[in-house]
Every structure is written in structure tokens, then in C-alpha cells.
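Asks: In this note's numbering, the protein residues as written are 1296 to 1584. In this text, a Cβ means the ideal position worked out from N, Cα and C, and glycines have one as well.
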């Protein structure tokens, strides 16, 4: 694929607006995220304060967004980014395809904000039995027992994939509704409260029991920003940015809900525009050097 000028992670209003602005400025853009756009857009009943689109429901807003990016020829790469590494003069982005590390000169984080808190033991065991990427780390658990904690139906596909590699898979759906996984995946309808390590290995602990596993995959729609980008400075649970949407890492910008309240579509789009313009200016400055 080569090295892109700007990689944008997230397909909510912030990410889409950033992609539009960058495309108009003739930059090569890699837009990563769900082709169905942000889940919050899809669930919006009525939006009253979006300029030019009064009394608009989520489905109509979604169609307007898609029409705009399609008109500009902007494509969405439907992929989940698990890690972003600053390599000095460019960034390396890891997705589910472990053999294809994507590269971009600048990155804009527009991942939104996760409304779920981490489990007890999750952060301490991250990289030592806990993983956020099934495709990336599945080979480590060939023939072993794994637990999967899924926060949306999209994670069911990951559980099925792991079932092809691991000796056994137990799946904890942290959402309501029907579960559609392969027969060999054992579904446990209990809410996990912690992940524990002892002499026997690892265990997912619920309110009513413990389930042993050699490794646990915690799969959410979005990863905490400081876990996604090593060394990223936060302000509480949000990415710390200046008025130009710059983070503490040169060439890395953030926009939308990930930067803090208010969680508003129109604010997110405005920040996406600013972040994109800042990235364009950064690229121009690097080219002059």
C-alpha cells in the first residue's frame, strides 16, 4: 500500500471530516474503521443542533456522511487498529493482518470514547496473558485454552477465529441479544469482573464462578488511547490536545469524543477539520526540512 500522508482511525464525524479535509488538500488518506460508521450515529434518534441538518435522525445523518465521502472517492478500510507506533518520521499501524504493518507520515485519532471501564487485573496482565487483538496473538495460543470477553456482536467473529486455533474457547458476551458463534465455542452468560493469575494459570472471574484459561482476549469497539499509542499523554481518560489538536507526540493528532466533553457530533466534526489542517501543516513543514 505504500506510506500514506495521513492515517485516520475512526469513522465517526471527527474521522470523516478529517478525511474530507485531507482529501481536499490533496493528501493521500487511509481511513480506518467500521464501514457502518460510528455506532453512536446509528443509534441516534434525533439530532437537532447539527448545522444545516435540523431534526435529523441517525440513519439520515449516516446517509449524508456516506454520500459526502463517496462523492470525494474516500474509501473506508474496515479494520480495527490494535497498536500505533511512532517510528520518528512516520507511524506504523498494526491491524488484524500481522503480516501487513500499515505506514503513515501522520495519524489522527478519532476513535471515540469507550464507556466501559477496564476489568480488575486487565491492565496489569496486558501482554502477559491478556490481549486486545485476536488475530495478532492467536498463534500464541495454538492448542491452548482461551477466554474471550466480547463487548459487542462484532466480537463473535473473533471468537470463531480463535476456535480454529485454540483447543477450547469460552465466550463471555457483555451485551444482550442472541449469540451467533460456532458450536465449539462455549458461551457463558455471566459478567466478568476480573482477570486473575495464579499458579494454575489465568482465570476469568465472574460474580458466580471462575473459568480457567491460558490466555484472555478482551475485545471492545475501541482501545484505551494510551494502550493504542505507547507514550501518549492523557488528561484523565481523554487524550490531551492543544487548540490545534496536537498531542504530545509529533505528527499525532486527536479529535472528537476521545479528546473529552462535550460529546457532540458537530464539535467532533469541527475538531476533525482542525486536526486535519494541522496534519497538513505538519507535512508541509517536514517537507521544507
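(1) Report the rounded CA-to-CA distance for residue 1447 versus residue 1363, giving the unit in angstroms.
(2) Within 10 angstroms of the Cβ of residue 1458, are there 16 or more other Cβ atoms? Answer buried if so, exposed if not.
(3) With a threshold of 8 Å on Cβ separation, who are the neighbours of residue 1433 within its own chain once the five nearest residues in sequence on each side are excluded?
(4) Which one of 1352, 1407 and 1397 has the shortest CA to CA distance from residue 1552?
(5) May I ask you to list the residues that DSSP assigns as paired with residue 1468?
(6) How about residue 1510 and residue 1436: do their beta carbons lie closer than 7 Å?
(7) For residue 1384 and residue 1400, I'd like the C-alpha separation in whole angstroms.
(8) For the stretch 1559-1567 and the stretch 1534-1550, state whether three or more C-beta atom pairs, one from each stretch, are separated by less than 8 Å.
(9) Nearest to residue 1381 by CA position, among 1415, 1365 and 1402, is which residue?
(10) Can you tell me where the alpha helix (DSSP H) with residue 1355 in it begins and where it stops?
(11) Measuring CB atoms only, is the stretch 1350-1361 touching the stretch 1329-1341, in the sense that at least three cross pairs come out at less than 8 Å?
(12) How about residue 1469 and residue 1512: are their beta carbons less than 7 Å apart?
(13) Starting from the Cα of residue 1276, find the closest Cα among 1405, 1418 and 1452 and give me that residue.
(14) For residue 1569, report the span of its alpha helix (DSSP H) as first-last.
(15) Taking the alpha helix (DSSP H) that residue 1418 falls in, what are its first and last residues?
(16) Taking all protein chains shown into account, do 16 or more other C-beta atoms lie within 10 angstroms of the C-beta of residue 1480, making it buried, or fewer, making it exposed?
(17) Give the C-beta separation of residue 1518 and residue 1377 to the nearest angstrom, bearing in mind that I take them to be a contact with Cβ-Cβ under 8 Å.
(18) Distance check for residue 1450 and residue 1375, CA to CA, integer angstroms please.
(19) Report yes if the C-beta of residue 1348 is less than 6 Å from at least one heavy atom of the ligand FAD; otherwise report no.
(20) Work out the CA separation of residue 1496 and residue 1571 for me, nearest whole Å.
(21) Can you tell me which of the three DSSP states residue 1487 falls into?
(22) For residue 1465 and residue 1417, which I take to be in contact (beta-carbon distance under 8 Å), what is that distance rounded to the nearest angstrom?
(23) I'd like to confirm the pairing. Which residues does DSSP put opposite residue 1511 in its beta bridges?
(24) Measure the C-alpha to C-alpha separation of residue 1372 and residue 1330 and round it to an integer number of angstroms.
(25) Which of the three DSSP states, helix, strand or coil, is assigned to residue 1303?
(26) Can you tell me which of 1576, 1583, 1580 and 1515 puts its alpha carbon nearest to the alpha carbon of residue 1320?
(27) Does residue 1316 come out as helix, strand or coil in the three-state DSSP assignment?
Replies: So, from the listed chains and residues:
(1) 28 Å
(2) buried
(3) 1456, 1457, 1460 and 1461
(4) 1407
(5) 1445
(6) yes
(7) 7 Å
(8) yes
(9) 1402
(10) 1353-1366
(11) yes
(12) no
(13) Since the displayed the chain opens at 1296 and closes at 1584, residue 1276 lies outside it and no answer follows.
(14) 1560-1583
(15) 1417-1420
(16) buried
(17) 7 Å
(18) 11 Å
(19) Among the components of this structure there are no ligands whatsoever, and the ligand FAD is therefore not found.
(20) 46 Å
(21) strand
(22) 17 Å between Cβ atoms; not a contact.
(23) 1425 and 1442
(24) 7 Å
(25) strand
(26) 1576
(27) helix
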